[in-house]
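As given, the protein sequences belong to chains U and A, one line each in that order.
The numbering used here applies: residue 41 is where the first sequence begins, and numbers increase by one.
The numbering used here applies: residue -8 is where the second sequence begins, and numbers increase by one.
The beta-carbon is built from N, C-alpha and C at its ideal position, and this holds for glycine as well.
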Amino acid sequence: KQEVTQIPAALSVPEGENLVLNCSFTDSAIYNLQWFRQDPGKGLTSLLLIQSSQREQTSGRLNASLDKSSGRSTLYIAASQPGDSATYLCAAWNSGNTPLVFGKGTRLSVIA
Amino acid sequence: DGGITQSPKYLFRKEGQNVTLSCEQNLNHDAMYWYRQDPGQGLRLIYYSQIVNDFQKGDIAEGYSVSREKKESFPLTVTSAQKNPTAFYLCASSPWADGEETQYFGPGTRLLVL
């Protein structure tokens, strides 16, 4: 059964710093790996989706990488801003009739 | 305006009462999902449905029930058998068996016990 782990659980950084959020998964037979953002009391918003055949995806200041062989994905945020403060969740999708499996998230605080 | 709507935003349940959370989507997605979120627990899957009139239990289905009579609607009932229902409930939808697209989430319903 797929298990997704995110480390650290919480992170606080000063504004302008580059940072990396980590995600690991136990079953490497994934179809895709997805990163979401959740603001307090809100639903999830999709940030990036990496197909199993891809190594990375970029959107603005965000870059997500995928290494299936090691069971790891990272989300890189460049030049962090206070508006980036939120919880970031990763989720793995295995092919077949299985839904997304989510990690518990990393709560990010960017201090002005 | 395409998307997923959930209602109500806040819901209060009395002891022994069943309550129903609404989820509607106009994205023409085949699959719909219900998640429960507790502080520090991440998202846990309650039920999901790949097609109308069919649904499967997730990891924590006990004390909950669902129906999928229409493609656009997937209501969740929290029954009196669910002893600890206080949580944030999220509904999502996606095209099924398609690795190209992500899940789209509603704004959530917060359920509180009186």
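Contact with chain A by residue i, beta-carbon distance below 8 Å
i, result
"K108(U)", "no"
"P80(U)", "no"
"F65(U)", "no"
"G145(U)", "yes"
"P48(U)", "no"
"P54(U)", "no"
"P122(U)", "no"
Closer than 8 Å to chain U by CB, residue i
i, result
"P114(A)", "Residue numbering for chain A in the displayed model covers -8 to 105; residue 114(A) lies beyond these limits and cannot be assessed."
"T93(A)", "yes"
"G(-6)(A)", "no"
"L67(A)", "no"
"Q32(A)", "yes"
"L103(A)", "no"
"F96(A)", "yes"
"L36(A)", "yes"
"L18(A)", "no"
"Y39(A)", "yes"
Cβ separation of residue i and residue j, assumed to be a contact under 8 Å, to the nearest whole Å
i, j, result
"L61(U)", "R77(U)", "Actually they do not touch by this definition, with Cβ atoms about 11 Å apart."
"G(-6)(A)", "Y95(A)", "7 Å"
"V57(A)", "R4(A)", "At roughly 17 Å, the Cβ-Cβ gap does not stay under 8 Å, so V57(A) and R4(A) are not in contact."
As assigned by DSSP and simplified to three states, the class of residue i
i, result
"G123(U)", "helix"
"T138(U)", "coil"
"R77(U)", "strand"
"V43(A)", "coil"
"F96(A)", "strand"
"K62(A)", "coil"
"S109(U)", "coil"
"A78(A)", "strand"
"T114(U)", "strand"
"T11(A)", "strand"
"R35(A)", "strand"
"Q42(U)", "coil"
For residue i, the nearest candidate out of the options (CA to CA)
i, options, result
"I37(A)", "M23(A), P30(A), G31(A)", "M23(A)"
"S149(U)", "T85(U), I90(U), V141(U), P80(U)", "P80(U)"
"S84(A)", "G31(A), V10(A), H20(A), T(-4)(A)", "H20(A)"
"S113(U)", "R95(U), A152(U), N58(U)", "R95(U)"
"I47(U)", "A152(U), D67(U), C130(U), T138(U)", "C130(U)"
"A50(U)", "P(-1)(A), T93(A), G31(A), C14(A)", "G31(A)"
"L102(U)", "K41(U), L59(U), P139(U)", "L59(U)"
Per DSSP, cross-strand counterpart(s) of residue i
i, result
"I151(U)", "P54(U)"
"L102(A)", "L2(A), A78(A)"
"N72(U)", "Q91(U), W133(U)"
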